[in-house]
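The next block holds one structure in the form of structure tokens; read it before the comments.
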Amino acid sequence: MLIYKATELVNFAQGDLMMLGAFTCYMFVVWYGVGYWAAFALALVLVALFGAALDAAVLRRVIGQPQFAVVMLTIGLGAIFRSAASITWGSEIYTLPTPFSAKATRVAGVTVSHEYVAIIAGTVVLCAVLYVFFTHTRVGVAMQAASQNQLAAYYMGIPVKRMFSLIWAISAGVAAIAGVLLAPVSLIDINLGFIGLKAFAAAVLGGFGSIPGALVGGVTIGLIELLSGAYLPQGFKDVAAYVVLLVVLAVRPQGMFGTVARKKV
Amino acid sequence: MRFVFKTAYTQDLGLFRDSVQRNAYLALLVGLIALPKLVPDYFVDVTLVFIYGLCGLSLMTLAGYTGLVSLGHAAFLGIGAYAHVFFVHDWHLPWVLSVALAAVITAAAGVLVGLPALRMTGVYLSIATLAFALIIQEVFTRWDHVTGGLKGKAVDKPVIFGISFANDVAFYFLCLAALIGALWLTANVLRSPTGRAWVAIRDSEIAAQSMGVNLAVYKTTAFAYSAALMGVAGALFAHKIGFLAPDIFTVLLSIQFLLMVVVGGLGSLHGAVYGAVFVAMVPVVISQARDAVPAWAATLAGPLGKPAAATAFQAVDRFVKQPGLEPGIFGLILVLFILFEPLGIYGRWTKIKLYFSLFPLYKRATFRRQRAYMRSERLR
Numbered sequence: 004m005l006i007y008k009a010t011e012l013v014n015f016a017q018g019d020l021m022m023l024g025a026f027t028c029y030m031f032v033v034w035y036g037v038g039y040w041a042a043f044a045l046a047l048v049l050v051a052l053f054g055a056a057l058d059a060a061v062l063r064r065v066i067g068q069p070q071f072a073v074v075m076l077t078i079g080l081g082a083i084f085r086s087a088a089s090i091t092w093g094s095e096i097y098t099l100p101t102p103f104s105a106k107a108t109r110v111a112g113v114t115v116s117h118e119y120v121a122i123i124a125g126t127v128v129l130c131a132v133l134y135v136f137f138t139h140t141r142v143g144v145a146m147q148a149a150s151q152n153q154l155a156a157y158y159m160g161i162p163v164k165r166m167f168s169l170i171w172a173i174s175a176g177v178a179a180i181a182g183v184l185l186a187p188v189s190l191i192d193i194n195l196g197f198i199g200l201k202a203f204a205a206a207v208l209g210g211f212g213s214i215p216g217a218l219v220g221g222v223t224i225g226l227i228e229l230l231s232g233a234y235l236p237q238g239f240k241d242v243a244a245y246v247v248l249l250v251v252l253a254v255r256p257q258g259m260f261g262t263v264a265r266k267k268v
Numbered sequence: 004m005r006f007v008f009k010t011a012y013t014q015d016l017g018l019f020r021d022s023v024q025r026n027a028y029l030a031l032l033v034g035l036i037a038l039p040k041l042v043p044d045y046f047v048d049v050t051l052v053f054i055y056g057l058c059g060l061s062l063m064t065l066a067g068y069t070g071l072v073s074l075g076h077a078a079f080l081g082i083g084a085y086a087h088v089f090f091v092h093d094w095h096l097p098w099v100l101s102v103a104l105a106a107v108i109t110a111a112a113g114v115l116v117g118l119p120a121l122r123m124t125g126v127y128l129s130i131a132t133l134a135f136a137l138i139i140q141e142v143f144t145r146w147d148h149v150t151g152g153l154k155g156k157a158v159d160k161p162v163i164f165g166i167s168f169a170n171d172v173a174f175y176f177l178c179l180a181a182l183i184g185a186l187w188l189t190a191n192v193l194r195s196p197t198g199r200a201w202v203a204i205r206d207s208e209i210a211a212q213s214m215g216v217n218l219a220v221y222k223t224t225a226f227a228y229s230a231a232l233m234g235v236a237g238a239l240f241a242h243k244i245g246f247l248a249p250d251i252f253t254v255l256l257s258i259q260f261l262l263m264v265v266v267g268g269l270g271s272l273h274g275a276v277y278g279a280v281f282v283a284m285v286p287v288v289i290s291q292a293r294d295a296v297p298a299w300a301a302t303l304a305g306p307l308g309k310p311a312a313a314t315a316f317q318a319v320d321r322f323v324k325q326p327g328l329e330p331g332i333f334g335l336i337l338v339l340f341i342l343f344e345p346l347g348i349y350g351r352w353t354k355i356k357l358y359f360s361l362f363p364l365y366k367r368a369t370f371r372r373q374r375a376y377m378r379s380e381r382l383r
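Just so you know, the sequences run in chain order A and B.
The opening position of the first sequence corresponds to residue 4 in my numbering, with each subsequent residue numbered one higher.
The opening position of the second sequence corresponds to residue 4 in my numbering, with each subsequent residue numbered one higher.
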């Protein structure tokens, strides 16, 4: 759903950025009485700016260090965000009123509420846009290059530092969109971020670095959860996604759509 | 700077570099033995340091020496704790046998997780272990005739060979002995061919493979060894906290273990212990600071007049009493360490030591690390 791994930036704070996005939107809608769409846009822009600032202030320093450092850094940042959010917004659970709330349509005999329609539409549009962006625009291709080999990209005249800020901005923006879309379904609280872990499952299932794969992976995870909730004993619903994730990692680590490559020496 | 002039093979085989080092460690040991007498109020916290030290050691062999970063070590701790309590309470096995069985079971779980690890590197592995930890947590909740489910399970004080360790001082020595045993074992394993193979895998899998290191065998061994240590730590942890519930062994605990290893310094046994001291002591310091900091703020605002001081006191007091503050502080410490001292406390200590032993000639570049700009995980 919020897969953004064409850049191979593994961000464990993604879920927390999602939470920040949802809270910002909530704040504008409920406290300041801004319209839903305006608040959505504001949240998107603010969180994206925040992502860029984060890159400039913190993450740029670890460029060139092992990926472990980045992983630990994002875990640490995620903890800080959660704590900051609980201090600013408290640990209550909020609901975000949206234009879609409490409306439903019957499609081919199945009742679908508008919130889910919004999520599905949003996801499809987002993925399409990202896919086109990464494969067909100069900036997108430059980003992929910058994330694969920073030095070579730099030699080719790509402003690597600016690319990274942009990558983080987009990544944070996407997280904010996901957070806002998800907010009406799963209530806003500071632990919204843990849903991000399921996104990882989806990403791995589809294969990192493949945007259509991420979409298929997300749908598969969702279906598995629903089916195991319906047919297996209680308790399996929550872990089914992780079991599938483990199995996929053991059997086919590159995911369904990943590319196999081995370093040649 | 001191150089050891080696004249016999036994000097190479010895655990310590020279008699100075050995005496320093002996002095530390004497200090630790005397500790319950010296600070009767605080040594109970030090017991937790020993148990965390075991956990840190376990993760250090895996993450620091083999280069496999696990985000699910709390699950191993939980497996060890529950297995031990189940054997002691429900099957009435002797304590030592039960701990050994718990270690074996966690080692088996480690192998189970290690098997998929053979085909993954880096982030994939972290995610797999994370998924494993989440599954195990669910198992703890659901499998209630063994684990007690959400109601939890009370743990009695340990009784070994008929000797009760109910008293805090006795338990302190039990944990100290376990930590020293584990340190001794790990230090020796790391100097053996197995340990050398682990380090080779960490530094370059391809190079290790080319030199004839069997990746599958050694990675699985690393997982099993690390998990077994965690199992022993889990057994002690169960006695320490006295009550088991599934929500103790969360992802946050795993992250705390990782914090321990990073803060202490990756790739050193000292680091594991420093990290344990740090992680066990920070909550104590925070809770002390919660009481002290508002008063300082009031003193600082004092010159502005009494109402200002009172406002400052209340504002700071409200701020520091936030329950969400603690994980945030942990996160902040983690971020600061990665940015400014990637080698951890142990790295800082070696730098300070080198600075003084080389006094006017110390160069900052000694510890500069080469940066790798080729990052793609697709080619590996």
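Ideal placement from N, C-alpha and C gives every residue a C-beta, glycine not left out.
As the structure is a prediction and not an experimental result, all values here were calculated from the model.
Separation of residue j from residue i, as counted between CA atoms
i                      : j                      : result
residue 44 of chain A  : residue 134 of chain A : 21 Å
residue 127 of chain A : residue 225 of chain A : 15 Å
residue 28 of chain A  : residue 79 of chain B  : 39 Å
residue 136 of chain A : residue 169 of chain A : 13 Å
residue 134 of chain B : residue 366 of chain B : 44 Å
residue 230 of chain A : residue 22 of chain A  : 27 Å
residue 211 of chain B : residue 285 of chain B : 39 Å
residue 370 of chain B : residue 345 of chain B : 11 Å
residue 16 of chain A  : residue 9 of chain B   : 51 Å
residue 138 of chain A : residue 165 of chain A : 19 Å
residue 128 of chain B : residue 234 of chain B : 21 Å
residue 190 of chain B : residue 123 of chain A : 54 Å
residue 41 of chain B  : residue 131 of chain B : 45 Å
residue 223 of chain A : residue 50 of chain A  : 29 Å
residue 175 of chain B : residue 169 of chain B : 10 Å
residue 91 of chain B  : residue 98 of chain B  : 6 Å
residue 248 of chain B : residue 130 of chain A : 41 Å
residue 50 of chain B  : residue 283 of chain B : 10 Å
Proximity below 7 Å, CB of residue i to CB of residue j
i                      : j                      : result
residue 141 of chain B : residue 177 of chain A : no
residue 47 of chain A  : residue 179 of chain A : yes
residue 333 of chain B : residue 81 of chain B  : no
residue 20 of chain B  : residue 7 of chain B   : yes
residue 84 of chain B  : residue 237 of chain B : yes
residue 331 of chain B : residue 83 of chain A  : yes
residue 231 of chain B : residue 110 of chain B : yes
residue 76 of chain A  : residue 341 of chain B : yes
residue 139 of chain B : residue 245 of chain A : no
residue 75 of chain B  : residue 257 of chain B : yes
residue 184 of chain A : residue 125 of chain A : yes
residue 20 of chain A  : residue 172 of chain A : no
residue 220 of chain B : residue 68 of chain B  : no
residue 39 of chain B  : residue 149 of chain B : no
residue 260 of chain B : residue 157 of chain B : no
DSSP state of residue i mapped onto helix, strand, coil
i                      : result
residue 158 of chain B : coil
residue 61 of chain B  : helix
residue 167 of chain B : strand
residue 252 of chain B : coil
residue 247 of chain B : strand
residue 95 of chain B  : coil
residue 339 of chain B : helix
residue 43 of chain B  : coil
residue 146 of chain B : coil
residue 65 of chain A  : helix
residue 362 of chain B : helix
residue 270 of chain A : Missing from the structure shown is residue 270 of chain A; chain A here goes from 4 to 268 and no further.
residue 84 of chain A  : helix
Exercise for review: Tell me, please, whether the region 354–372 of chain B touches the region 277–288 of chain B by the rule of three or more beta-carbon pairs shorter than 8 Å.
Suggested key: no
Practice item. Say whether the region 107–121 of chain B touches the region 169–180 of chain B, bearing in mind that this needs 3 or more beta-carbon pairs closer than 8 Å, one atom from each stretch. Key: no
Review point. Any contact of the region 234–252 of chain B with the region 18–29 of chain B, i.e. 3+ C-beta pairs under 8 Å?
Key: no
Point to revise | Residue ranges of each alpha helix (DSSP H) within the region 177–223 of chain B, 4 or longer | key: 196–206, 208–213
Exercise for review: Assess, as a yes-or-no matter, whether the region 15–31 of chain A is touched by the region 151–163 of chain A under the definition of 3 or more beta carbon pairs within less than 8 Å.
Suggested key: no
Check your understanding: Any contact of the region 267–275 of chain B with the region 43–62 of chain B, i.e. 3+ C-beta pairs under 8 Å?
Key -> yes
Review point. Can we say the region 195–205 of chain B touches the region 218–235 of chain B, given the rule of at least three CB pairs closer than 8 Å?
Key: yes
Check your understanding: Is there contact between the region 342–352 of chain B and the region 258–267 of chain B, where contact requires at least three CB pairs shorter than 8 Å?
Key -> yes
Practice item. Mind listing, in chain order, the continuous alpha helix (DSSP H) runs of no fewer than 4 residues lying wholly within the region 118–171 of chain A? Key: 141–151, 153–158
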